[in-house]
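Peer 1:
Residue numbers (the numbering used here), protein chains in the order written: chain Y, 1 to 104; chain X, 105 to 289; chain U, 290 to 934.
1. Which of the three DSSP states is assigned to residue 678 (chain U) in this structure?
2. Would you tell me roughly how many angstroms separate the C-alpha atoms of residue 437 (chain U) and residue 342 (chain U), rounded to the nearest one?
3. Evaluate contact between the stretch 612-623 of chain U and the stretch 759-774 of chain U, counting only Cβ atoms and requiring at least three cross-stretch pairs below 8 angstroms.
4. Would residue 687 (chain U) and residue 623 (chain U) be called neighbours here (beta carbons separated by less than 8 angstroms)?
5. Just checking residue 22 (chain Y) against the ligand MN - is the residue's beta carbon closer than 7 angstroms to any of the ligand's heavy atoms?
6. If distances are taken between C-alpha atoms only, which option among U:626, U:736, U:786 comes closest to residue 707 (chain U)?
7. With a cut-off of 8 angstroms on the beta carbons, I'd call residue 46 (chain Y) and residue 269 (chain X) a contact; round off their distance for me.
8. Using a threshold of 8 angstroms, state whether the C-beta atoms of residue 204 (chain X) and residue 926 (chain U) are closer than that.
9. Does residue 96 (chain Y) get closer than 8 angstroms to chain U when you measure Cβ to Cβ?
10. In the DSSP assignment, the beta strand (DSSP E) including residue 374 (chain U) goes from what residue to what residue?
11. Buried or exposed: which applies to residue 40 (chain Y), given that a residue is buried once 16 or more other Cβ atoms fall within 10 Å of its Cβ?
12. Would you say residue 911 (chain U) lies against chain X (beta-carbon separation less than 8 angstroms)?
13. How about residue 832 (chain U) and residue 742 (chain U): are their beta carbons less than 8 angstroms apart?
14. Can you say whether residue 595 (chain U) is buried or exposed, counting buried as having 16 or more other CB atoms within 10 angstroms of its CB?
15. Measure how close the beta-carbons of residue 58 (chain Y) and residue 226 (chain X) come, nearest whole angstrom, since I'm counting them as under 8 angstroms.
16. List the endpoints of the continuous beta strand (DSSP E) containing residue 595 (chain U).
17. With distances taken between CB atoms, is the gap from residue 302 (chain U) to residue 416 (chain U) smaller than 8 angstroms?
18. Could you compute how far the alpha carbon of residue 331 (chain U) sits from the alpha carbon of residue 879 (chain U)?
19. In chain order, what residues of the same chain lie with their CB nearer than 6 angstroms to the CB of residue 634 (chain U), ignoring the 5 residues before and after it?
20. Whose CA, out of U:559, U:588, U:500, lies closest to the CA of residue 647 (chain U)?
21. Which chain X residues are close to residue 99 (chain Y), counting only those with a beta carbon under 7 angstroms from its beta carbon?
22. Who does residue 364 (chain U) pair with in a DSSP beta bridge?
23. Mind the definition here: the stretch 832-852 of chain U touches the stretch 595-612 of chain U only if three or more C-beta pairs lie below 8 angstroms; say whether that holds.
24. Taking the alpha-carbon of residue 126 (chain X) as reference, which of X:156, X:116, X:142, X:117 has the nearest alpha-carbon?
25. Classify residue 946 (chain U) as helix, strand or coil using the three-state DSSP reduction.
26. Across which residues does DSSP place residue 433 (chain U) in a beta bridge pair?
27. With H, G and I counted as helix, E and B as strand and the rest as coil, what does DSSP make of residue 359 (chain U)?
28. Hey, could you find the ends of the alpha helix (DSSP H) residue 547 (chain U) is sitting in?
29. Exposed or buried, what is residue 829 (chain U) when buried is set at 16 or more other beta-carbons lying within 10 Å of its beta-carbon?
30. Which of helix, strand or coil does DSSP assign to residue 853 (chain U)?
31. Are there 16 or more other CB atoms within 10 angstroms of the CB of residue 535 (chain U), so buried, or fewer, so exposed?
32. For residue 322 (chain U), I'd like the list of residues in its chain whose CB is within less than 6 angstroms of its CB, leaving aside the five on either flank, ordered along the chain.
33. Give me, in chain order, the residues of the same chain whose beta-carbon lies closer than 7 angstroms to that of residue 693 (chain U); leave out the 5 immediate sequence neighbours on both sides.
34. To the nearest angstrom, how far is the alpha carbon of residue 804 (chain U) from that of residue 720 (chain U)?
35. With residue 20 (chain Y) and residue 38 (chain Y) assumed to form a contact (beta carbons below 8 angstroms), what rounded beta-carbon distance in angstroms separates them?
36. Nearest-angstrom Cα distance between residue 123 (chain X) and residue 144 (chain X)?
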């Protein structure tokens, strides 16, 4: 079987697919930990678009951006998980349905 | 795009898609976390396919190594390994609406990727030029310590701030704070 | 230069007013004496009198056709077609008024220094008085109707403030309110008249309106105006005059206004403010010439006012009330004069009346001062010996108002009566009423004079009355001289006044059919004879007071009606005030409480309900918000993508 060369738009569509799967998780899940994981998924999808464009345009700026994004993502998950711990310690839950202090 | 093995790409892409769906849909957070690790590995594979070797390595080291360990730690710390049944609690209409919006956005984005964008002048770093200059890792490292030195230094500041912030947030409250927390409940 | 005339009193007002408001009104602060504050105020008026005199001499030196001085200070109102610059203009008519206002005003200020010496807050009093003079001078110097109206309202305000000067007394405070409210009715007429003038002539400047009358298109009327419009303008403005100049049916505030200090009564409610209606009519004489219906009404109202007020004055026992009704009566005369086309005679009577009525009021004030605030003439008597100076000047004023030659009142009143008889717009009926009023005037003034000054003291107070200090008698003497000789400016057929006012007020010497010039002398003799008869009857009658009392008992019913002022106030109460109160209360209950409050509260409830209903959307779930936001993104981006292809 002879597969055709991978067109850039196929990779990009794949990226959007992963991104939207993450977005779907963000919307429907109630567990804060899984929501954070969904966000990681979305970040990864964006990273892949950077790398794709970097390859397509023969410019290493895209890959350079990915480094910085990975750094920010690391910091973000550290702070985010710290927040989850603080939240759990205060409210004894990580369920967003039960975290509605602002509403009342 | 030449130089990309379609077999490798579709393999890794299929794996990534399958595991990402599992990440989002699995009830058990630990199960989700391990699915996510698989997604990260698959992504590393795609990066390698695309010739971004340094990114692939970092993906494995930072994401699959550091970040996932952090996740697992927190899950264990909170002992929430009991199956999370939250997915069933979101209203049916909400899930349907989310699916519709997501599908719609997918259509829009794909359309943009297929048709949008004009011709852009390619840069100097073609795969051949990179290979001639000593490989992806070498070229990127040189760039990072010359042209991108200022953002690179700034990330160290960001990481420091992240560390301080994470510690400050997650730190157990002092006696006074703990009393406040209990009395307010 | 012109601006200095009103500026002096304004500065005086500012000095005294600020000094009082910032320093003296603080609790425990020492009040300035009437000597200091009164000197400041008097000097301010003296300054404006001297400038007025200078302007008068300047005008006198000009050719008769071009006698006016003008000064534009700044642009006041500028809106579309309407343009009102703050312009002061002095012509032969205004200059007479500025002289009278500042001159008589100065004398009254000086007099007040003595009269208000026992008052607690003279600083306040003199600041009000100066403010009044400022407003009154603006009224007569304004070159257009809005500026006149500014002064018109300003004097109304000061009148209100000064009537209620002793505001702790409830009756005096409500007298001030009454004056203010009754004047509002008149001011409405004034405003409507002003609007009508603007829509008809597209200008509010007196000179411009006058020009419109000179550029008539073939007929008597200026372009764009017809008889009905002119009559309406004349009548509406006359309604304004009714309020300000106390004509029937809006005269009721003036007798009550006597609650104010006596110098105020003399200045505002006799000499100046109440004559501003006559000034307005004289100023617009060219308009009234073309509106015979309005002048007919004016003459009728004027003579009726004169007659009615004279009957009331005959039975009042309060010295100031008698003078107040006398003022209303004399104002009626002035409008009678204007109504029959004798604007010059009206202005002439304004001037002589300012002299002798101010003198009467100030003399009465001197009596009241000497009697320690006693105002009932039947508790006086025999003051001739106790207060010789006051008696002498009061006598001069009495003769003047009775209309005996050669005192000033004779000339002006006789002129009016002659015109009433001889003018094409006059009639015999008007003359009969006017002449009867003249007899009654002589009667009630003689009554006042004889009961107060002649005979023996009837109370201990009267026995111990004392003459007033020189600061009060001095102005009285000056006014007495003016009252005596003031009429000489208008001797029939050699009238200086008529010539002087000719550029402003065109006088026709037309006679009604069937009237001969020689009958003037007959009428003159008749009016003198009438005055003498009135004086004689009153003197005979009031020599024997017990007999008067007996007669009064016999005529109990009639006396009561007249003494209670024909029950006009009570009628107003029943016809106007009570239904209005009931209407207002109804409006409050039904319109305010039910409808307007209902709407307001309903709006409040509506927003509360909206909030309650919309609260459901605010789930507090970030994921729902995110979904909605993404939906918006999808719609927007989708439109951009698919909409553009």
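Just so it is clear, CB atoms sit at the ideal spot from N, CA and C, and this is done for glycine as well.
Peer 2: In short:
1. helix
2. 21 angstroms
3. The stretch 612-623 of chain U vs the stretch 759-774 of chain U: no contact.
4. no
5. Annotation note on the ligand MN: not contained in the displayed structure, which lists no ligands.
6. For residue 707 (chain U), the closest alpha carbon among the candidates U:626, U:736, U:786 is that of U:626.
7. Rounded, the Cβ-Cβ distance is 23 angstroms, inconsistent with contact.
8. no
9. Yes - at least one Cβ of chain U is within 8 angstroms of the one on residue 96 (chain Y).
10. Segment 371-379, the beta strand (DSSP E) holding residue 374 (chain U).
11. buried
12. By the rule that beta-carbons nearer than 8 angstroms mark a contact, residue 911 (chain U) does not touch chain X.
13. no
14. Buried is the call here.
15. 4 angstroms
16. No beta strand (DSSP E) contains residue 595 (chain U), which is instead part of the alpha helix (DSSP H) from 581-602.
17. yes
18. 54 angstroms
19. 626, 704, 705, 708
20. U:559
21. Within chain X, no residue comes near residue 99 (chain Y); the closest Cβ sits about 12 angstroms away, beyond 7 angstroms.
22. U:374
23. yes
24. X:142
25. The requested residue 946 (chain U) does not occur in the structure, where chain U is confined to residues 290 to 934.
26. Residue 433 (chain U) is bridged to U:494.
27. strand
28. Careful: residue 547 (chain U) lies outside any alpha helix (DSSP H) and carries neither H nor E.
29. exposed
30. coil
31. buried
32. none
33. 699, 817, 820
34. 13 angstroms
35. Not a contact, Cβ separation roughly 11 angstroms.
36. 9 angstroms
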